[in-house]
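So the sequence lines, in the order shown, correspond to chains A and B.
For the first sequence, the working numbering gives the first residue as 35, with consecutive numbering after it.
For the second sequence, the working numbering gives the first residue as 35, with consecutive numbering after it.
2 protein chains.
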Amino acid sequence: MSEKITTPDWLETAPAKGTYRSIFRWGAPDRFKHPSPGFLRVIKNGLDLPDDYFSRRLNTAEVPVKHEIPPGIPSEAVAAIASIVGDGNVSTDDYSRLKYATGKSMEDIMRLRDGKAGYVCDCAVHPRDKNDVMEIVKFCNEKKIPVHVYGGGSSVTLGLESRRGGVTLVMGTHMNRVLGFNEANQTITVEPGLMGPAYEDMLNNAPERFGARYRYTGGHFPQSFEFSSVGGWVVTLGSGQASSYYGDAYDIVVSQEYVTPAGSFKTLEYPATATGPKVNDIMKGSEGCFGVLVGLTMKVFRYFPENARQFSFMLPDWRSAVDAAREISQGEFGMPAILRISDPEETDVAVNMYGIAGTPADSFLVFRGFKPGKRCLLIGQADGEKGFARNVAKNAKKICRRYGGMSLTAYPTKKWMHSRFMDPYMREDLNDIGIVIDTLETSVTWDNLHNLHEKVRRYIKENANAICMTHASHFYPQGTNLYFIFITPWMKTDDYLRFHRGIIEAIMVNGGSLSHHHGVGRMMGPLMERHLGREQMDVLRALKRHFDPNGIMNPVETLGLD
Amino acid sequence: MSEKITTPDWLETAPAKGTYRSIFRWGAPDRFKHPSPGFLRVIKNGLDLPDDYFSRRLNTAEVPVKHEIPPGIPSEAVAAIASIVGDGNVSTDDYSRLKYATGKSMEDIMRLRDGKAGYVCDCAVHPRDKNDVMEIVKFCNEKKIPVHVYGGGSSVTLGLESRRGGVTLVMGTHMNRVLGFNEANQTITVEPGLMGPAYEDMLNNAPERFGARYRYTGGHFPQSFEFSSVGGWVVTLGSGQASSYYGDAYDIVVSQEYVTPAGSFKTLEYPATATGPKVNDIMKGSEGCFGVLVGLTMKVFRYFPENARQFSFMLPDWRSAVDAAREISQGEFGMPAILRISDPEETDVAVNMYGIAGTPADSFLVFRGFKPGKRCLLIGQADGEKGFARNVAKNAKKICRRYGGMSLTAYPTKKWMHSRFMDPYMREDLNDIGIVIDTLETSVTWDNLHNLHEKVRRYIKENANAICMTHASHFYPQGTNLYFIFITPWMKTDDYLRFHRGIIEAIMVNGGSLSHHHGVGRMMGPLMERHLGREQMDVLRALKRHFDPNGIMNPVETLGLD
Numbered sequence: 035m036s037e038k039i040t041t042p043d044w045l046e047t048a049p050a051k052g053t054y055r056s057i058f059r060w061g062a063p064d065r066f067k068h069p070s071p072g073f074l075r076v077i078k079n080g081l082d083l084p085d086d087y088f089s090r091r092l093n094t095a096e097v098p099v100k101h102e103i104p105p106g107i108p109s110e111a112v113a114a115i116a117s118i119v120g121d122g123n124v125s126t127d128d129y130s131r132l133k134y135a136t137g138k139s140m141e142d143i144m145r146l147r148d149g150k151a152g153y154v155c156d157c158a159v160h161p162r163d164k165n166d167v168m169e170i171v172k173f174c175n176e177k178k179i180p181v182h183v184y185g186g187g188s189s190v191t192l193g194l195e196s197r198r199g200g201v202t203l204v205m206g207t208h209m210n211r212v213l214g215f216n217e218a219n220q221t222i223t224v225e226p227g228l229m230g231p232a233y234e235d236m237l238n239n240a241p242e243r244f245g246a247r248y249r250y251t252g253g254h255f256p257q258s259f260e261f262s263s264v265g266g267w268v269v270t271l272g273s274g275q276a277s278s279y280y281g282d283a284y285d286i287v288v289s290q291e292y293v294t295p296a297g298s299f300k301t302l303e304y305p306a307t308a309t310g311p312k313v314n315d316i317m318k319g320s321e322g323c324f325g326v327l328v329g330l331t332m333k334v335f336r337y338f339p340e341n342a343r344q345f346s347f348m349l350p351d352w353r354s355a356v357d358a359a360r361e362i363s364q365g366e367f368g369m370p371a372i373l374r375i376s377d378p379e380e381t382d383v384a385v386n387m388y389g390i391a392g393t394p395a396d397s398f399l400v401f402r403g404f405k406p407g408k409r410c411l412l413i414g415q416a417d418g419e420k421g422f423a424r425n426v427a428k429n430a431k432k433i434c435r436r437y438g439g440m441s442l443t444a445y446p447t448k449k450w451m452h453s454r455f456m457d458p459y460m461r462e463d464l465n466d467i468g469i470v471i472d473t474l475e476t477s478v479t480w481d482n483l484h485n486l487h488e489k490v491r492r493y494i495k496e497n498a499n500a501i502c503m504t505h506a507s508h509f510y511p512q513g514t515n516l517y518f519i520f521i522t523p524w525m526k527t528d529d530y531l532r533f534h535r536g537i538i539e540a541i542m543v544n545g546g547s548l549s550h551h552h553g554v555g556r557m558m559g560p561l562m563e564r565h566l567g568r569e570q571m572d573v574l575r576a577l578k579r580h581f582d583p584n585g586i587m588n589p590v591e592t593l594g595l596d
Numbered sequence: 035m036s037e038k039i040t041t042p043d044w045l046e047t048a049p050a051k052g053t054y055r056s057i058f059r060w061g062a063p064d065r066f067k068h069p070s071p072g073f074l075r076v077i078k079n080g081l082d083l084p085d086d087y088f089s090r091r092l093n094t095a096e097v098p099v100k101h102e103i104p105p106g107i108p109s110e111a112v113a114a115i116a117s118i119v120g121d122g123n124v125s126t127d128d129y130s131r132l133k134y135a136t137g138k139s140m141e142d143i144m145r146l147r148d149g150k151a152g153y154v155c156d157c158a159v160h161p162r163d164k165n166d167v168m169e170i171v172k173f174c175n176e177k178k179i180p181v182h183v184y185g186g187g188s189s190v191t192l193g194l195e196s197r198r199g200g201v202t203l204v205m206g207t208h209m210n211r212v213l214g215f216n217e218a219n220q221t222i223t224v225e226p227g228l229m230g231p232a233y234e235d236m237l238n239n240a241p242e243r244f245g246a247r248y249r250y251t252g253g254h255f256p257q258s259f260e261f262s263s264v265g266g267w268v269v270t271l272g273s274g275q276a277s278s279y280y281g282d283a284y285d286i287v288v289s290q291e292y293v294t295p296a297g298s299f300k301t302l303e304y305p306a307t308a309t310g311p312k313v314n315d316i317m318k319g320s321e322g323c324f325g326v327l328v329g330l331t332m333k334v335f336r337y338f339p340e341n342a343r344q345f346s347f348m349l350p351d352w353r354s355a356v357d358a359a360r361e362i363s364q365g366e367f368g369m370p371a372i373l374r375i376s377d378p379e380e381t382d383v384a385v386n387m388y389g390i391a392g393t394p395a396d397s398f399l400v401f402r403g404f405k406p407g408k409r410c411l412l413i414g415q416a417d418g419e420k421g422f423a424r425n426v427a428k429n430a431k432k433i434c435r436r437y438g439g440m441s442l443t444a445y446p447t448k449k450w451m452h453s454r455f456m457d458p459y460m461r462e463d464l465n466d467i468g469i470v471i472d473t474l475e476t477s478v479t480w481d482n483l484h485n486l487h488e489k490v491r492r493y494i495k496e497n498a499n500a501i502c503m504t505h506a507s508h509f510y511p512q513g514t515n516l517y518f519i520f521i522t523p524w525m526k527t528d529d530y531l532r533f534h535r536g537i538i539e540a541i542m543v544n545g546g547s548l549s550h551h552h553g554v555g556r557m558m559g560p561l562m563e564r565h566l567g568r569e570q571m572d573v574l575r576a577l578k579r580h581f582d583p584n585g586i587m588n589p590v591e592t593l594g595l596d
């Protein structure tokens, strides 16, 4: 069990500026989290790799970006845009043109590791305010120049690719300000480029920052939290890890202000209305295809970290874990903020990663009948007012026990909380030693969960030498999100894409949605018509024609619109 | 205080079939609730009416409908429609043509009391299923014949008027079936013409009816509950009296199936997705302008009537009542299902109507400083799981006490629950004796509540001899609904409409929405562009052009679209 795993020394320095690696690497350049020996052993054994598999390092792509892709727009256009925003706010160098057209999908990474630039924009523009955006969109619409929007750059759906060159608006540089805080209405109005940690920190410190009576939270913590923007959450319909209580970005946004080729507007800030179909809804999830989000008003929530109640359970099997989670979600006692059930394969990995495997605690679990390969981990945390949180946790625990669960105390939840934003850092290390790790996710109704889980796992196992860990998170009375994490030996890009697109196909044909919270982008775009049907796609196309008759907004395949 | 009020004997027989009165009268023809002497005294004193004002009866419009409005479509078209649905499912008589084009607004009533037919459809059609609807819409689209939809007929926004004649589809006759009940997903799929009581009764008796494990509730109880349809709730964006917990119709509908001139589709039933703008949202509140709703899947909720906790408080004044309700809505302990605060004028009426005025209890309240003309009533009920409901009620009570409230026990809540669906029956009695009673409602953010309340009250008081009772119900962390009930002496229709439209104008210019839950119809339609702005109306118009290029769906002014 404890055989030595030989790896190269992990890279411990920030990638040099201007390199391919500096673009695709996750997170802060000088932060690292390396795979534990336990995790590497799981991978080695799971994939049946030779002893020396991890000892070599692949090409780490620490070379300067150089692509010499000729710009698609004339230099006069760039000059005109610079005259709007100022010279310092326009970049046309090779690096910027690639960086702002690149997301964080495995496909992006593979291409960049091969030193291939793929699709780049012609210039990255850093608008100073919404007036800049209005002038740029007007100009680009007249000249038929494509316009893309870059928030935090965490897209895993090819949402940032500049297929026809053009302009990419980088919102985080200047448009990251707070426009208003309204404690009576419990809302905050911000520019879209504000990033997660600054946003949350401000709300947590509302008394000091805004003279507020109470402290607040935004309630939105996607895994990309530290490197994604408030605007990005809304235009791609993201979900945070506490969404079961606070809601998805969809639920949290009250009002949006857009600049589109067809005009600019801000939706009204009412808590609810019966004044026809809501334009605020129509813009949610529009992924830059209708216009540029320039301001948004979000709900905020009272912040009571002292009330949080954490719990975790081992359930005997996947069926009982799903049933327990469903009863919790349908029990009408309020939702836990965090709720997550891991399938047997993910549970086994977690037990290894958290150093539980082989300990007396593990032996006790096995003795009590919670067998590896069958048992399933459930972790949770209840937020809110004290009595509410206590009652949610109490009911959730009661239900877990009813389904044969054994309490593991708050330990696994704490362990998960501790590392939840750091885990993505392991990807580069794993890629460096020839391991692919990637994820896909889908929305599913309760009555189709087991079917979908089995079918997608079967596809993955039959089509690759793969570890497949699945969890359900983001719970609703009507269903949940299934999140697949798959690990394989490194493949050629084309082979990998064939395998990857096959998983998406398996999800779709077995009744999962194309996305629960990663969005559509250009990855799911081509499948949208099969998924939604022609009639519903025609509705989205009619909206596209209205907002963007010249087809300049995030064009080519996004949302399957063109 | 207890002077005798002389009224004619209240009518105690169902209006004769085929009469104008049988169309505009609320509810079941053979059910009655007459105004109490206490209520009449409030009206007499509030409006400073002469002693004999109530002694005469106005024209009660118990005459047969006869309008001789020539049909706008040729008899061959009617025959063609009859060949689709069968002869027995098409009516072209004067009565049907008027009944199915008439709602329940004061404007409808005044017109019908004067024996004026206004706008009528050419034929009322009772489709048997969605295939009938598809064929009718196809035929009408080819022939450019207007198509309207009649659910329960409770529109108070002129939503049913057939301004250019045409066909009205009556959904309640046949299309009122359950299409599926899914306990795992906690959803029910129904045809749109199913009425409130049948729907709720079925869910309450799910074990007997569907072999379900648990009992359920739809959680949707608008005042029109007994005479409105599930489909109507969704297409007009209605709210139930327990919406603060269960959500508005907007929140409760999971999926919809539509027949439109541009094609038919059913939206997918996922609990949440990130697959672009949601067509399910776009159709919510479309008020028949895009197509005909032929099926819908709704969330259902566990039914725990035994857990309900009722409470009520007297608060010292409106400001403290509003602050208490806001703190309850923002406290993160879950929402009460029912929450309602009455302003001082409504509170005084309630105290009189419930027979509390002048009793020792009332004297004690006054002694404790709760003065008539200032004090405000709050009533509430918490639903859900036992511990949840208990904790919600506990926190709500604590907040009421913090704002100086005195508990009135559960009595006023029970009293209100008892009569909540019966109060509308008083309207005909009051109208008969020369009293107008009408309502308007609006959505408002917390920070504008007092301003809006004062300005609307001022308009009403300055422009009529009026009692104006206001309550807030339907609570959200970001705001609430203000509901104005106004009572005036009978006026000429034109004078009344001028006054009434002035109230809507006062709501709009002072920052209220055009509607929180009554919808838009043709009453608010002409104001939509001023309210939402041209850019947002252009979005709705683009959708209209897409779904209904020939402009046949509920045409002329609905939603302000044409």
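Built from N, CA and C at the ideal position, the CB exists for glycine as well.
For B/LYS318, the residues of chain A that pass the 7 Å Cβ criterion are PRO311, in the order they occur in the chain.
By the Cβ neighbour-count rule, A/GLU303 is buried, with 16 or more other Cβ atoms within 10 Å of its own. Per DSSP, reduced to three states, the secondary structure at A/ARG360 is helical.
Chain B places a beta carbon closer than 8 Å to that of A/GLU366, counting this residue as a contact. Taking C-beta separations shorter than 6 Å and ignoring five residues to either side along the sequence, the partners of A/ARG491 in its chain run CYS502, following chain order. The alpha carbon of B/ILE316 has as its nearest neighbour, out of B/PRO511, B/GLN290 and B/TYR250, the alpha carbon of B/GLN290.
Proximity of chain B to A/PHE422 at the Cβ level (cut-off 9 Å) is accounted for by GLY365, GLU366, PHE367, GLY368, PHE422, ASN425, VAL426 and ASN429, in chain order. Distance check between A/MET557 and each of A/LYS138, A/LEU81 and A/ARG575 places A/LYS138 closest, using alpha-carbon atoms only. For B/ASN429, the CB contacts under 8 Å within the same chain, skipping 5 residues up- and downstream, are ILE362, GLY365 and PHE367 in chain order.
Residue-level contact by beta carbon fails for B/GLN257 and chain A, as no gap is shorter than 8 Å.
Leaving aside the five residues that flank B/GLY266 on each side, the residues in its chain whose CB is nearer than 6 Å to its CB run, in chain order, GLY185 and GLY186. By the Cβ neighbour-count rule, A/PHE255 is buried, with 16 or more other Cβ atoms within 10 Å of its own. Looking at the DSSP output, A/HIS182 bridges to A/THR202.
For B/LEU399, the closest alpha carbon among the candidates B/LYS431, B/ASN425, B/LYS420 and B/MET440 is that of B/MET440. Put simply, of B/LYS408, B/ASP582 and B/ASP156 the residue whose alpha carbon is nearest the alpha carbon of B/GLU176 is B/ASP582.
Rounded to the nearest whole angstrom, the CA to CA distance from A/ILE222 to A/GLY252 is 9 Å.
Take A/LEU203, set aside five residues on each side of it, and the residues of its chain with a beta-carbon closer than 6 Å to its own are VAL159, PRO161 and VAL183, in chain order.
Residues of the same chain with a CB within less than 7 Å of the CB of B/HIS580, apart from the 5 flanking positions on each side, are ALA296 in chain order. In this structure A/TYR134 touches A/LEU194 by the C-beta definition: roughly 7 Å separates them, less than 8 Å. Around B/PRO406, no beta-carbon contact reaches into chain A at under 9 Å, the shortest distance being about 29 Å. C-alpha of A/LEU574 to C-alpha of B/SER477: approximately 29 Å in a straight line. Listed as beta-bridge partners of B/ARG197 by DSSP are B/GLY199. The straight-line gap separating the alpha-carbon atoms of B/TYR530 and B/LYS495 is approximately 14 Å.
Inter-segment contact for the segment 400-420 of chain A and the segment 403-412 of chain B is absent: fewer than three beta-carbon pairs are separated by less than 8 Å.
Sixteen is the threshold: since fewer than 16 other Cβ atoms of the shown chains lie within 10 Å of the Cβ of B/ARG90, the residue is exposed. Just measuring C-alpha positions, the residue of A/LEU330, A/ALA283 and A/GLY281 sitting nearest A/LYS300 is A/LEU330. For B/THR221, the enclosing beta strand (DSSP E) starts and ends at 221-224. A distance below 6 Å between beta-carbons, with the five flanking residues on each side excluded, links A/LYS420 to the following residues of its chain, in chain order: ASN341.
Taking a Cβ-Cβ cut-off of 9 Å, A/ASP582 has no neighbours in chain B, whose nearest Cβ is about 11 Å from it.
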